Ligand code: NAI
Ligand code: 15L
């Protein structure tokens, strides 16, 4: 049967806020969790991913989990370790103990951020491109994907890992013309990831059907995802304001954009 009750971690964040508006239309009953109170949702669970008892209780009885909680940008290693690496482990372990059958994991393009972006007639980046994290943040997403594979192989807990491009209401940079996922397509993809059968551990790229797309959406489409949006209507204005991507600029040369060239955040 299709999952009905879904725990949404990271519900107070940008993506969580967009998705808790859009997902109920697909018939889900959402249980919300975040470190911070969730605006307009007094019944949301306020808990840290470090709190294993709270996680056991939060996952009890749900059909599936959408795991968005964590640090969503580069940060000192110790913080990434606690929130994204240990936190994701704690959530998987709680899910295993409570018998939850499926997790949709918010991975990121930054797990492969040091992959050169396609230029000209280059082929789209395939989903099995080698991992090339561009930050400790990207490394934590790489870990999350491996953790998901391990929990499938060892325990039969299914995951769809979504390497999200940029999911925001509108694209705001020339790079985002290639990697943008509209919120409506984001909800379509999460719904497909929750309902497709026999996913085992499947890794997919998460973006809209952008004219300037950099990666292959075949694996996402294999779940039943049919993107409806394209960033192209935003192209003229963004390129007029910011110029085309500069082949000489390292921050424009890789999938991960400026994450590859930003100075490290200390303590490193
Ligand atoms: P965000 O930073 O707006 O939201 C993350 C939420 O997680 C926050 O509300 C925060 O309070 C919560 N959180 C952080 N540490 C926690 C902890 N220890 N315990 C419980 N909750 C904790 O990030 P956003 O943009 O909403 O992203 C959501 C997820 O999707 C993140 O995992 C991010 O890495 C991933 N992602 C997002 C992309 C995007 O375009 N928005 C692109 C690629 C990946
Ligand atoms: C991410 O992984 C971040 O969470 C998000 O804030 C954006 O920076 C996005 O990647 C991106 O690459 O644009």
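Numbering (the UniProt record's numbering), first residue to last: 2 to 269.
Cβ coordinates follow ideal geometry from the N, Cα and C atoms, glycine included.
Every value quoted in this text rests on a predicted model; they were computed, and no experiment measured them.
Query raised in the report: Do you know offhand how far residue 96's Cα is from residue 114's?
Result: 29 Å
Query - Secondary structure, alpha helix (DSSP H): runs of 4+ residues fully inside the region 81-155 - result: 88-99
Query - residue 4, buried or exposed, once every other Cβ within 10 Å from all chains shown has been counted against 16 - result: buried
**Report entry** Runs of alpha helix (DSSP H) lying entirely within the region 6-73, each at least 4 residues, in chain order
**Finding:** 15-23, 53-60
**Report entry** Euclidean distance between Cα positions of residue 199 and residue 173
**Finding:** 36 Å
Query raised in the report: The beta strand (DSSP E) with residue 162 in it runs from where to where?
Result: 159-165
**Report entry** Among 231, 38, 256, 217, the one whose alpha carbon lies nearest that of residue 128
**Finding:** 217
**Report entry** Beta-carbon proximity check, residue 175 vs residue 239, cutoff 8 Å
**Finding:** yes
**Report entry** Cβ shell of residue 230 (< 6 Å), same chain only, five flanking positions each side left out
**Finding:** 183, 186, 209
Query raised in the report: What residues match up with residue 207 in a beta bridge as DSSP calls it?
Result: 165
Query raised in the report: Do you know whose CA, among 6, 48, 112, lies nearest residue 260's CA?
Result: 112
Query raised in the report: From 101, 161, 180, pick the residue whose C-alpha is nearest to that of residue 212; which is it?
Result: 180
Query raised in the report: Going by DSSP, which residues form a beta bridge with residue 202?
Result: 160
**Report entry** Beta-ladder partner(s) of residue 255, from DSSP
**Finding:** 117
Requested in this report: Pair every Cβ in the region 150-166 with every Cβ in the region 134-141, then say whether three or more of these pairs are closer than 8 Å.
Outcome: no
Query raised in the report: Residues in its own chain within less than 6 Å of residue 33 by CB, not counting five upstream and five downstream?
Result: 9, 12, 39, 42, 45
Query raised in the report: Given residue 55, which residues of its chain have a CB within under 6 Å of its CB, disregarding the five upstream and five downstream residues?
Result: 48
Query - Alpha-carbon to alpha-carbon, residue 82 and residue 235 - result: 37 Å
Requested in this report: Mind checking which residues open and close the alpha helix (DSSP H) that includes residue 240?
Outcome: 236-243
Query raised in the report: Within this structure, are the beta carbons of residue 166 and residue 225 separated by less than 8 Å?
Result: no
Report task. Can you have a look at residue 74 and say buried or exposed, based on whether 16 or more other CB atoms are within 10 angstroms of its CB? Result -> exposed
Query raised in the report: For residue 145, which option in 104, 119, 222 has the closest C-alpha, if you only look at C-alpha atoms?
Result: 104
Query raised in the report: What number of angstroms, rounded off, separates the C-alpha of residue 133 from the C-alpha of residue 254?
Result: 14 Å
Requested in this report: Output the distance between the C-alpha atoms of residue 117 and residue 60, rounded to the nearest integer angstrom.
Outcome: 39 Å
Report task. Indicate whether residue 188 and residue 36 have their beta-carbon atoms separated by less than 8 Å. Result -> no
Query raised in the report: Taking the alpha-carbon positions, what's the residue 149 to residue 202 distance?
Result: 7 Å
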